[in-house]
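K.L.:
Pasting in a structure now, in structure tokens, and then I'll have a few things to ask.
Numbering (the numbering used here), first residue to last: 529 to 1236.
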């Protein structure tokens, strides 16, 4: 027995000696940071959870910041040998983007508006020209000049007054999505003295050109109060017009396409309510179109004497109705477009002579044009197997031209004007990809994986022609699967850095999105949420089965609620994936949904359930990534977050990584990257964000031994 023990000791010393030599050959041994453990009991429904890393929630604690910095240092050292490759990837990605680019102008109220970028600059320049594009350029905002001296800078909500003389806009310099509204005199170039803080960043102009309506946020960043401000007066005197007291609802001020009405929209996940006034009478009292009801959703626009309403009233996939402006309650609504079980009505656009519908069928968007006069109709023909199409910004009523966007996984984003009378289209602009990109070198396909319950899950994929379906290709599978958000098969020039190195790129259109209609969404939420996770796993296994890849070369990626997906699949099927990139992942589901002091909790009970009710608590607990970390093997993982993230607080991914590191039984790489200057959307500016993309790609390439 002693000989056996002695032999084992010698053997272990030999391994240790060999390991030390190996590390000396590579350089200094790298040790990951280990977060300290402070036991905290969390009790609900008589059930006790232990959270050893709850202390990481305090961003004011220097020890928390030091830990995040230590993780960043560990990542940097771990991938130090890829730094040149990361720089090359970044240069490659931004090298495909046209530096001095200009958007397609749109016409509104006598002016043509457009955005342009200058070579060597990070931020947009917002411009307009009067009457025609041959006129003199007027720069509304040069964000490059405004952003000087800031580590983060974002402008949103540009809105020009009806007399074309004033501009309101919002500025965020922290990445917390708390905007300050400013108003600029476009005749003098001077900024009015008033500054409206803690807002959504968007203001709505009344037709008197001196009154605006704006929305304030509460401490959880919920948009909840609407105020009326009179130009050149102190903001402290602004009148509160509406207070959304239901913490599950948010509220915004908007304006109809006709500019005739200002509306207050209150909404939750499954219920909406609109109020309106004549935009020419800003001091008037708002009237309700129809009072909120559980599970009643509707959206409103205006045309002539009617409001047009897209609603799920007795219509799971929505239908279009209208009602006189003078009689707005539901009892007066009349059907224009009926409900269809196989078609989801996703949107509509009103013109003087035509109605345009955006309809989703078999996972793809179709654009349908209906002439008001004789009800004749037709669909636009896009001619590809898988694509993304959308109604673009169409501010004018009196036009035969429909502005729409189109792309596919092989076709760059394209903007068209479509003559609804002649049924002809004109390509106005197609995204220019600098370099030797040729669409014909790539192929896109549509597949369907069979879920465990028999449901067919669509998969859109793209790859460079010439690859063999022999199971040896690296593959990146991406998905989101929440909030009814549909992941369209769109083009990405960034993605070419994967495809040109032999990757197959696939999007799994899993339940929780809305690709296949409203039921698709409802089958992936609340007490059916696990369908989202098993659908993704079934898609991955299908792609392996069909020889597109193998479990040693397949990667998974998702962000935010898609990061929850990543956390769930590594708990459920960790051995299926070579590596996982979890971007700003929402992984501490139960604790977050029990905390109504942080953003996006109370407003999302209809999406995830309210864990104050035991049924939902138990179900969330069964899939919550953080709560289900255990002693097991995990794939290699890169996790990203932002210190100022307003959507998913930084501590969720930080806690998750700490817990995995303490429990994993493998030697796979685990990295956490915290952007100390940004939030949910990453770095501001046009190009900086791609440094994180280069990091993510280098992480995957490194695992495959791809070095250039």
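Glycine included, C-beta positions come from ideal geometry on N, C-alpha and C.
Whole angstroms are fine: how far does the CA of residue 1027 sit from the CA of residue 959?
P.N.:
Against the chain shown, residue 959 aligns to sequence position 431. Against the chain shown, residue 1027 aligns to sequence position 499. Their backbone Cα atoms lie some 18 angstroms apart in a straight line.
K.L.:
Taking the DSSP output, what are the residues bridged to residue 878?
P.N.:
Your numbering for residue 878 matches position 350 in the chain shown. For residue 878, which the question treats as bridged, DSSP gives the partners 883.
K.L.:
Taking all protein chains shown into account, decide if residue 1204 is buried (16 or more other Cβ within 10 angstroms of its Cβ) or exposed.
P.N.:
For this step, residue 1204 is matched to residue 676 along the chain shown. Exposed is the call here.
K.L.:
In whole angstroms, what is the alpha-carbon distance linking residue 679 and residue 938?
P.N.:
The residue you call residue 679 lines up with position 151 of the chain shown. The residue you call residue 938 lines up with position 410 of the chain shown. Whole-angstrom Cα-Cα distance: 35 angstroms.
K.L.:
Could you tell me the boundaries of the alpha helix (DSSP H) in which residue 619 lies?
P.N.:
Reading the chain shown from its first residue, position 91 is the one you call residue 619. Its alpha helix (DSSP H) spans residues 611-623.
K.L.:
According to DSSP, simplified to helix, strand and coil, what is residue 1065?
P.N.:
The count along the chain shown starts at 1 and reaches residue 1065 at position 537. Here residue 1065 sits in helix by DSSP.
K.L.:
In three-state DSSP terms, what is residue 1146?
P.N.:
Here residue 1146 corresponds to residue number 618 of the chain shown, with the count starting at 1. Helix, per DSSP.
K.L.:
My output table needs one value for residue 1045: the three-state DSSP class, helix, strand or coil.
P.N.:
Taking the chain shown and counting its residues from 1, the one referred to as residue 1045 is at position 517. Three-state DSSP puts residue 1045 in coil, outside helix and strand.
K.L.:
Could you compute how far the alpha carbon of residue 714 sits from the alpha carbon of residue 695?
P.N.:
For the purposes of this step, residue 714 is taken as the residue at position 186 of the chain shown. For the purposes of this step, residue 695 is taken as the residue at position 167 of the chain shown. Near 7 angstroms, if we compare the C-alpha coordinates of residue 695 and residue 714.
K.L.:
When DSSP labels each residue in this structure, what does residue 941 get in the three-state scheme?
P.N.:
Stepping through the chain shown from its first residue, residue 941 is reached at position 413. Three-state DSSP puts residue 941 in coil, outside helix and strand.
K.L.:
Determine the contact status of residue 563 and residue 1186, defining contact as a CB-CB distance below 8 angstroms.
P.N.:
One-based indexing of the chain shown puts residue 563 at position 35. One-based indexing of the chain shown puts residue 1186 at position 658. Yes, the pair counts as a contact, with Cβ atoms nearer than the cut-off.
K.L.:
Spatial neighbours of residue 487 within its chain, please: C-beta separation below 7 angstroms, excluding the five flanking residues on both sides.
P.N.:
Residue 487 lies beyond the range of the chain shown here (529 to 1236); nothing can be said about it.
K.L.:
For residue 873, which of helix, strand or coil comes out of DSSP?
P.N.:
Taking the first residue of the chain shown as 1, we reach residue 873 at position 345. Residue 873: strand per DSSP, three-state reduction.
K.L.:
Which residues bound the beta strand (DSSP E) around residue 713?
P.N.:
Numbered from 1 along the chain shown, position 185 holds the residue referred to as residue 713. It spans 707-713 - the beta strand (DSSP E) in which residue 713 sits, taken as one unbroken run.
K.L.:
What beta strand (DSSP E) runs, 3 residues minimum, are completely inside the region 774-839?
P.N.:
Qualifying beta strand (DSSP E) stretches, in chain order: 778-783, 789-795, 800-806, 826-831, 834-839.
K.L.:
Please report the Cβ distance between residue 785 and residue 807, rounded to the nearest whole angstrom; I am assuming they are in contact, meaning their Cβ atoms lie under 8 angstroms.
P.N.:
As a working note, residue 785 is residue 257 in the chain shown. As a working note, residue 807 is residue 279 in the chain shown. That belief does not hold up - the Cβ atoms of residue 785 and residue 807 are roughly 12 angstroms apart, past 8 angstroms.
K.L.:
In chain order, what are the residue ranges of uninterrupted alpha helix (DSSP H) at least 4 long that sit wholly in the region 1148-1230?
P.N.:
Entirely contained in the region 1148-1230, the alpha helix (DSSP H) runs reaching 4 residues are, in chain order, 1179-1191.
K.L.:
To the nearest angstrom, how far is it from the Cα of residue 799 to the Cα of residue 726?
P.N.:
For the purposes of this step, residue 799 is identified with residue 271 of the chain shown, where counting begins at 1. For the purposes of this step, residue 726 is identified with residue 198 of the chain shown, where counting begins at 1. Distance between the alpha carbons of residue 799 and residue 726 is about 25 angstroms.
K.L.:
Let's test the definition: count the other Cβ atoms within 10 Å of the Cβ of residue 682 and tell me whether it reaches 16, buried, or not, exposed.
P.N.:
Within the chain shown, the letter at position 154 stands for residue 682. Label assigned to residue 682: buried.
K.L.:
Using the three-state DSSP reduction, which class does residue 699 fall into: helix, strand or coil?
P.N.:
Reading the chain shown from its first residue, position 171 is the one you call residue 699. Looking at residue 699 - three-state DSSP - the assignment turns out to be strand.
K.L.:
Can you have a look at residue 661 and say buried or exposed, based on whether 16 or more other CB atoms are within 10 angstroms of its CB?
P.N.:
Position 133 of the chain shown, counting from 1, holds the residue named residue 661. It counts as exposed.
K.L.:
Might you give, ordered along the chain, the residues of its own chain that have their beta carbon closer than 7 angstroms to the beta carbon of residue 879, omitting 5 neighbours on each side?
P.N.:
Working through the chain shown from its first residue, we reach residue 879 at position 351. Closer than 7 angstroms at Cβ, skipping near neighbours: 925, 927.
K.L.:
Ordered along the chain, which non-local residues of its own chain (more than five positions away) have a Cβ less than 7 angstroms from that of residue 1023?
P.N.:
For this step, residue 1023 is matched to residue 495 along the chain shown. For residue 1023, where only same-chain residues beyond five positions count, the Cβ hits under 7 angstroms are 1033.
K.L.:
What residue from 948, 971, 907 has the CA that sits closest to residue 936's CA?
P.N.:
Residue 936 sits at position 408 when you count from the first residue of the chain shown. With distances taken between Cα atoms, residue 936 lies closest to 971.
K.L.:
Do residue 737 and residue 810 have their C-beta atoms within less than 8 angstroms of each other?
P.N.:
Here the question's residue 737 lines up with position 209 in the chain shown. Here the question's residue 810 lines up with position 282 in the chain shown. The answer is no: Cβ separation not under 8 angstroms.
K.L.:
Do you know offhand how far residue 1232's Cα is from residue 614's?
P.N.:
Against the chain shown, residue 1232 aligns to sequence position 704. Against the chain shown, residue 614 aligns to sequence position 86. Straight-line Cα distance between these residues: approximately 15 angstroms.
K.L.:
Looking only at its own chain, which residues have a Cβ that is under 7 angstroms from the Cβ of residue 1183, when we skip the five neighbours before and after it?
P.N.:
In the chain shown, residue 1183 corresponds to position 655, counting from 1. Counting only Cβ-Cβ distances below 7 angstroms, and skipping sequence neighbours, we find 581, 584, 1116, 1154.
K.L.:
Note down, in chain order, each residue of its chain lying with its Cβ closer than 6 angstroms to the Cβ of residue 719, except the 5 sequence neighbours on either side.
P.N.:
Counting from 1 along the chain shown, the entry for residue 719 is found at position 191. The residues are 710, 712.
K.L.:
Is the CB-CB distance between residue 861 and residue 882 below 8 angstroms?
P.N.:
Position 333 of the chain shown, counting from 1, holds the residue named residue 861. Position 354 of the chain shown, counting from 1, holds the residue named residue 882. Not in contact: residue 861 and residue 882 (Cβ atoms no closer than 8 angstroms).
K.L.:
Among 1226, 1119, 1216, which residue has its Cα nearest to the Cα of residue 569?
P.N.:
Locating residue 569 in the chain shown gives position 41, counting from the first residue. Per the Cα distances, 1119.
K.L.:
Under 8 angstroms, Cβ to Cβ, is there at least one residue of chain D near residue 854?
P.N.:
Looking for chain D here will not work: only one protein chain is present.
K.L.:
Kindly indicate which residue of 1018, 865, 831 has the alpha-carbon position closest to the one of residue 892.
P.N.:
Working through the chain shown from its first residue, we reach residue 892 at position 364. When each option's Cα is compared against that of residue 892, the closest is 1018.
K.L.:
Give the straight-line distance between the Cα atoms of residue 873 and residue 641, rounded to the nearest whole angstrom.
P.N.:
By one-based count along the chain shown, residue 873 stands at place 345. By one-based count along the chain shown, residue 641 stands at place 113. Straight-line Cα distance between these residues: approximately 30 angstroms.
K.L.:
Residue 924 by DSSP, collapsed to three states: which one?
P.N.:
Translated into positions along the chain shown, residue 924 becomes position 396. DSSP places residue 924 in coil when its eight states are reduced to three.
K.L.:
What does the alpha-carbon distance come out to for the pair residue 586 and residue 1040?
P.N.:
Numbered from its first residue, the chain shown carries residue 586 at position 58. Numbered from its first residue, the chain shown carries residue 1040 at position 512. The straight-line gap from Cα to Cα measures roughly 32 angstroms.
K.L.:
Any idea if residue 1002 is buried or exposed, counting beta-carbon neighbours within 10 angstroms, 16 or more meaning buried?
P.N.:
As a working note, residue 1002 is residue 474 in the chain shown. The residue in question, residue 1002, is buried, as its Cβ has 16 or more Cβ neighbours within 10 Å.
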